[in-house]
Every structure is written in structure tokens, then in C-alpha cells.
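Undergrad:
Protein chains in written order, with our numbering: chain A, 10 to 122; chain B, 4 to 117.
(1) Apply the 10 Å Cβ neighbour rule to residue 116 of chain B and answer buried if 16 or more other Cβ atoms are within range, or exposed otherwise.
(2) Are the C-beta atoms of residue 10 of chain B and some chain A residue less than 9 Å apart?
(3) Rounded to a whole number of angstroms, what is the C-alpha to C-alpha distance between residue 72 of chain A and residue 28 of chain A?
(4) Taking residue 51 of chain B as the reference, give the member of B:110, B:29, B:100 and B:104 with the closest Cα.
(5) For residue 114 of chain A, decide whether its Cβ has a neighbour in chain B, counting only Cβ atoms nearer than 9 Å.
(6) Just checking my contact of residue 33 of chain A with residue 14 of chain A at CB under 8 Å: how many whole Å lie between their CB atoms?
(7) By the three-class DSSP mapping on this structure, what secondary structure does residue 97 of chain B have?
(8) Nearest by alpha-carbon distance to residue 55 of chain B: which of B:47, B:22 and B:96 is it?
(9) Name, going along the chain, the residues of the region 61-78 of chain A whose beta-carbon falls closer than 7 Å to a beta-carbon of chain B.
(10) Is any beta-carbon of chain B found at less than 9 Å from that of residue 11 of chain A?
(11) The beta strand (DSSP E) that contains residue 24 of chain B, what's its start and end?
(12) Assuming the contact rule is C-beta atoms closer than 8 Å, residue 120 of chain A and residue 90 of chain A should be a hit. Round their C-beta distance to whole Å, please.
(13) Considering just the uninterrupted stretch of the beta strand (DSSP E) at residue 77 of chain B, what are its terminal residues?
(14) Considering just the uninterrupted stretch of the beta strand (DSSP E) at residue 13 of chain A, what are its terminal residues?
(15) Does the CB of residue 111 of chain A have a neighbour CB from chain B at under 9 Å?
(16) Output the residue ranges of the beta strand (DSSP E) runs that lie fully inside the region 42-77 of chain B and measure 3 residues or longer, sorted by chain position.
(17) Determine the DSSP secondary structure at residue 106 of chain B, reduced to helix, strand or coil.
(18) Starting from the C-beta of residue 42 of chain A, find all residues in its chain whose C-beta is less than 6 Å away, skip the five residues before and the five after it, and write them out in chain order.
(19) Going straight from the alpha carbon of residue 110 of chain B to that of residue 63 of chain B, what length do you get?
(20) If you draw a straight line from the alpha carbon of residue 65 of chain A to that of residue 83 of chain A, how long is it in whole angstroms?
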């Protein structure tokens, strides 16, 4: 079963606008990660936020984490056509032994020029 | 350039045939993973390896086997392919043997089983 669920499934915006994607998860976590996948390519890591952090920035990316609501959001500011991709959140479950990152189904972002 | 390579890039395979997908990383990462990605289902973990010499089952291990004889290589074998194994397969690695840091992904292998 999927731990993380992204919302919305698809998002279409104009270049220059901000894009916000949300992720909800079910169990406690050590950290939450966001990845990007361009069509036909492998995933690329964007940002990792630990369970004791509430907000993190990286360039035009801003990630928030609310462990009480078991949710996270990824904000891309001043979007560009090159930001068009699928975005996935991934969580690890501290109760699970071994290497386990569970990915959501992703949000497909389209940035129109 | 450091990273992960996968081979083949794509393959069409007859049902019942044996197939090994290759994955090699040159970052000396401890942990390696195999995922399959299907439309509407996201990425699902097939098998993983925390360190060389150890492997573990993920969410969807049936019909697949792996080995980790050394740090760099993590091949995935389909002993007798079935059409439901048609998918895009991604190999990934991470430095943390517990899998709690970022993962680096290969370019993927697109497998079609007829």
C-alpha cells in the first residue's frame, strides 16, 4: 500500500505562477523527501526534510512538514516550462527494518509557456 | 561521470523466458534498490540491499530475485517472465545503509513481456 499520497494528481499552470503540491502519509516518519521525474527519465532528488523540521528551502523550492497532520507541501515559485514533470513524495517508516522508502503516485505538473 | 547505469535500456521478452536486468553504481553507496513503475501505481519496491552480501524483500518481490555479490552491482532476475511484469524498472542507490537519505536513480529499463 502507498504511504504517501500526492494531491492534486495533475496541475496545469502558466509560466511565472506558483505551483503547490501536497502529500499526506499514514505512519510516523524519520524524514520526507520530494523527487522530480521528467518524462521517460529516472527520479531526481529535490529535497529532504526531517521529522523535526517544519520548513526547508532550496532555490525556488519550499517544503513544509506538519507531522501532527501527517502532511507536507512542495511549493515551486516563479515556475518555468522546464519545471514540467511529475513530482513524488517519499517517506521512510522508522518501524520498518531495512531500507524502505515508500513513494506516492505523484503529481503531474504542466507549466505552460 | 559518477552515477548509476542500467542495461538494457529496453527489452521485449517472450513469456516464460529468463531475463536479468543489470544495475551498476560507482558511488560506493551501501544500499541499492529495485523499483517497478506502473501507470497509476507509482513506484513500488521489489527488492533492496542494505550492504553487499545482504538482500531483502520489498513490497512486490514475487517472481523476482536479486543478488549483491559486491558493492557496485545489483542485478535483478526474472526467472520466468509473465506479462504482468511488463513495466519500467528503476535501480537506485543510497549511501545510508538504512535507506534514510536521498536515493540516486538510474535511467530505467523498459520491459515488455508478451
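Each residue gets a CB set at the ideal place from its N, CA and C atoms; glycine is no exception.
TA: So, to answer that:
(1) buried
(2) no
(3) 12 Å
(4) B:100
(5) yes
(6) 5 Å
(7) strand
(8) B:96
(9) none
(10) Residue confidence is low: residue 11 of chain A scores 47 on pLDDT, short of 50, so the model does not pin down where it sits. No coordinate-derived value is stated.
(11) 22-28
(12) 5 Å
(13) It is not in any beta strand (DSSP E) - residue 77 of chain B carries neither H nor E in the DSSP assignment.
(14) Unbroken run through residue 13 of chain A: none, as it is neither H nor E.
(15) yes
(16) 45-52 and 67-69
(17) coil
(18) 57 and 99
(19) 21 Å
(20) 10 Å
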